[in-house]
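Engineer: Submitted below is the structure of interest, expressed as structure tokens.
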Amino acid sequence: LWAMGRAKQHPRDGWAQSPSLSVLLCHPAQFRVVGPGQPLLATVGQDVVLPCHLSPGMDARRLEIRWIRYLVSETVHLYRNGADQYGEQMEEYAGRTELARDGLSGGSLDLRISGLRPSDDGQYVCTVQDAASYGEAVMELKVAVQGSHNKALGAGTLGLFWFSFLLLTKGTIK
512 LWAMGRAKQH
522 PRDGWAQSPS
532 LSVLLCHPAQ
542 FRVVGPGQPL
552 LATVGQDVVL
562 PCHLSPGMDA
572 RRLEIRWIRY
582 LVSETVHLYR
592 NGADQYGEQM
602 EEYAGRTELA
612 RDGLSGGSLD
622 LRISGLRPSD
632 DGQYVCTVQD
642 AASYGEAVME
652 LKVAVQGSHN
662 KALGAGTLGL
672 FWFSFLLLTK
682 GTIK
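Numbering (the numbering used here), first residue to last: 512 to 685.
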């Protein structure tokens, strides 16, 4: 049946497609991709590490590791054939991402994003694949602008203001 047409497998859905045949490919998972269980919080201008790892821990240096923005499905960082590949990287992340190399041999897939921007807020997907397996983990990064919250005048501040006002106007009001 495979001779009837050239098959093409989409890595995210596991379907092989040919001109005359569609087959679900079932590969036993060799690994799971694990991310944090809760949103990550960071501030504009900071550096942040998006944590991700393989379970069980295994050498990831020969795997394809792709970090993407969830809704736009564009590449934030790509590691393939033992090297970073910048040709597909979103322009907004150029020069700001780094895959932590020291942990790859143990299955760590952590990505550092430097100089956070408000536009970095959102969901990220850590995807990993080899010839036989594919896995992904979705995580959310919440980026806050420092000092953006409004500070209301407290009762003490307001009281001090009125006390100062009364002292200054004491002799002028009759």
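Backbone N, C-alpha and C fix where the C-beta goes; we use that ideal spot for every residue, glycine too. Quick caveat, the model's predicted, so the values are computed rather than measured.
What residue from Q657, S619, Q640 has the CA that sits closest to L574's CA?
Structural biologist: For L574, the nearest C-alpha among the options comes from Q640.
Engineer: Can you give the beta carbon distance from T608 to V587, rounded, assuming they're within the 8 Å contact cut?
Structural biologist: With a Cβ gap of about 6 Å, T608 and V587 count as contacting.
Engineer: Does the segment 616 to 624 come close enough to the segment 543 to 563 to have 3 or more Cβ pairs within less than 8 Å?
Structural biologist: Yes, the segment 616 to 624 is in contact with the segment 543 to 563.
Engineer: Only counting the same chain, and skipping five residues up and downstream in sequence, which positions put a Cβ closer than 8 Å to that of G618?
Structural biologist: Once the five neighbours on either side are set aside, the close Cβ partners of G618 are F542, H564, L565, S566, P567, G568, M569, D570, A571.
Engineer: Tell me which residues share the same chain as D632 and place their Cβ nearer than 7 Å to its Cβ, disregarding the 5 neighbours each side in the sequence.
Structural biologist: Excluding sequence neighbours, D632 sits near L652, K653, V654.
Engineer: What runs of the beta strand (DSSP E), each 3 residues or longer, lie entirely inside the segment 559 to 605?
Structural biologist: Whole beta strand (DSSP E) segments, 3+ residues: 559 to 561, 564 to 566, 575 to 580, 586 to 591.
Engineer: Could you round the C-beta distance between L589 and Q600 to whole angstroms and report it? I think they count as a contact, below 8 Å.
Structural biologist: Confirmed, Cβ separation roughly 7 Å.
Engineer: The ligand GDP heavy atoms versus the CB of E609: any closer than 6 Å?
Structural biologist: With respect to the ligand GDP, the structure shown offers nothing to examine, as it has no ligands at all.
Engineer: Cutting at 8 Å between CB atoms, please list the residues of its own chain near P629, excluding the five before and the five after it.
Structural biologist: Excluding residues within five positions, the ones whose Cβ falls inside 8 Å are V555, V654, V656.
Engineer: Taking Cβ positions only, does Q634 come closer than 7 Å to chain B?
Structural biologist: This model lacks chain B altogether, as it is built from one protein chain only.
Engineer: Which residues in the same chain as G593 place their Cβ atom closer than 8 Å to its Cβ, once the five residues preceding and following it in sequence are excluded?
Structural biologist: Counting only Cβ-Cβ distances below 8 Å, and skipping sequence neighbours, we find R572, R573.
Engineer: Apart from the five residues just before and just after L551, which ones in its own chain have a Cβ nearer than 6 Å to its Cβ?
Structural biologist: Taken in chain order, the residues that qualify are L652.
Engineer: Quick check on this structure: which residue in R577, G614, A648 has the alpha carbon closest to the alpha carbon of R591?
Structural biologist: Selected option, being the one with the closest Cα: R577.
Engineer: Quickly, what does DSSP pair L622 with across the bridge? List them, please.
Structural biologist: Beta-bridge pairing links L622 to L561, L610.
Engineer: Do you know whose CA, among C637, L610, S616, I579, lies nearest E603's CA?
Structural biologist: E603 has its Cα closest to that of I579, out of C637, L610, S616, I579.
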